[in-house]
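In my numbering, the protein residues as written are -18 to 284. The C-beta atom is built at its ideal place from N, Cα and C for all residues, glycine as well.
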Amino acid sequence: MNFDSLLYRLAKLSEFVIIVLLVLWSVDNIQSDVQFIEFFAGVGNAFLCMQEHYRSLRFDIEDHQAPPGRSNFMDFASTSGFALAIMAVLRTTVDKSLTHYGIKCSSFCQMNTGTSRRSACASLGYTTYPSVCSSNLLLERTTLLILLNTALGGAWTLEQPKGSVLEYYPSWRRMMQAVCEHGGPFAVARTSLWMGLYGADTPKRHYFYSNSQSVHKLDKGKLHVKKFDKKKKTAHYSYDKNNKACWTATKDLSGTQLLAKQPIKEVVLSYVYLHPPEPTFLQGPYSCDIRGVYNKNLQNGFW
């Protein structure tokens, strides 16, 4: 079986179902007691906030250093890591959970275009490079976990900076379309927000996808530059000999993670809006055609 091809096309989900069943059979009893999971947690501020109110889990590659010859069970790209991630999602409380995916954006952002060769029309990137292949694998496995979240009736969110082309990735688009085909145009929501309105050191625009319409409550509206007095340069801009714009990241770029800079109370209050989620998209048919999600006259924030 060509597993990479399966993940890319999302044409046959039966193999993924078999993987989920194997995880279930490998454990005597998986209790559905987890209410919040943060994948790609990084510093994990959202996890630290939520564990004060809900039973929470965090998942990040830096949480475990595997000894030589062993796989890192906190690495999505490893077999043990993907199996553990599936187990974590299976532990979520049915219809009353939230899972956040802050997937690494470095390979999908505009600043990495020279290496990844990604664009909205070529979101797969230059797959000859290991870093591009690794990022593709992480996104494809994230897509499968989101499908599992949705099947369990849980709410999920995925966050990326504005310049990320992740939302154009084929398997991601196919998954979003499949969800909307079953649940109607309102089964998936998209919203954007300014980091500067959450106490960040840079204004930086981000977008969120979610299967809960409550994600729109994260948007605090326009950012007025006059009220934003924090000044940190995240890149140096210049022009090459062909007069092409170039930029180089500064040391302050890595500190602009959305969830790492928000005030603690802001994070908790924002996510509580999503918990518990609205009824799963599997409940109740919709008569609206899937093409309606592309209508710009619809409420702002979809696709």
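- Taken in chain order, the whole beta strand (DSSP E) runs of length 3 or more contained in the segment 139 to 213 are 170 to 175 and 186 to 191.
- By alpha-carbon distance to T74, the top candidate from A47, I11 and A101 is I11.
- Under the three-state reduction of DSSP output, I18 falls in the strand class.
- No Cβ-Cβ contact shorter than 7 Å links S191 with A168.
- In the DSSP assignment, T80 falls outside any alpha helix (DSSP H) and within the unbroken beta strand (DSSP E) covering L79 to Y82.
- Here the alpha carbons of D221 and T80 stand approximately 43 Å from one another.
- Annotation for S112: the continuous alpha helix (DSSP H) segment containing it runs P111 to A132.
- Here L5 is exposed: its Cβ has fewer than 16 other Cβ atoms, across all protein chains shown, within 10 Å.
- Beyond the five residues adjoining it in sequence on each side, R39 comes within less than 6 Å, by CB distance, of E19, A22, G25 and F28 in the same chain, given in chain order.
- In the three-state scheme derived from DSSP, where H, G and I count as helix and E and B as strand, L38 is classed as strand.
- A distance below 7 Å separates the beta carbons of M55 and G62.
- Annotated three-state conformation of T74 is coil, per DSSP.
- With respect to the 7 Å criterion, T108 and C114 are classified as neighbours on the basis of their beta carbons.
- For the pair S97 and Y150, the CB atoms are not nearer than the 7 Å cut-off.
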